[in-house]
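Reading through the structure tokens given below for one structure.
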Amino acid sequence: MGNKNKTVSFRVNEDAFETLREIAEERDLSLSAVFRDYVDMLVAHDGQVRVVPEHEFDTTTDDGAEFPPTVEVPKSFVREHERLELEAEHLREQLDEHKRYVDHLRERLEDNEEEVIQLEDLDGERDEPSYRLG
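Take the sequence shown: its position 95, counting from 1, is numbered 95 in full-length UniProt numbering, and each next residue is one higher.
Encoded structure:
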């Protein structure tokens, strides 16, 4: 059996919810992603995770690297990604249109089933004499 995702639900007060929503917006994440990241971190460090305000956090790690790591992405990469997303959306729309057309053709085929003539029906009775042309 593979891993199955489970849902965790809990309540927070309105102020905490707004703060979490702001954190998610700052990082351009969904609230679910914020919680998944926190839970993954909690599990990975055997429950030894402590949340601290950003101004109290030492941003350098033991090896001198900055945390959280930042990566600069070229604009051409972002544009290509956006172009591919638009192309994928267009292809999904075309696929949906094609599926609707195939469904339409199937319906027409089912409606016109009486009009189908079988080749065996065109053959005469076996008792009838056959003629040869030529």
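All C-beta atoms, glycine included, are put in the ideal place defined by N, C-alpha and C.
Reduced DSSP secondary structure (H/G/I, E/B, other) of residue i
i, result
"E26", "helix"
"E72", "coil"
"S32", "helix"
"H81", "helix"
"T19", "helix"
"D46", "coil"
"V39", "helix"
"R106", "helix"
"R11", "coil"
"K6", "coil"
Spatial neighbours of residue i in its chain, beta-carbon cut-off 8 Å, leaving aside the 5 residues before and after
i, result
"M41", "V49"
"V12", "L20"
"S30", "A24"
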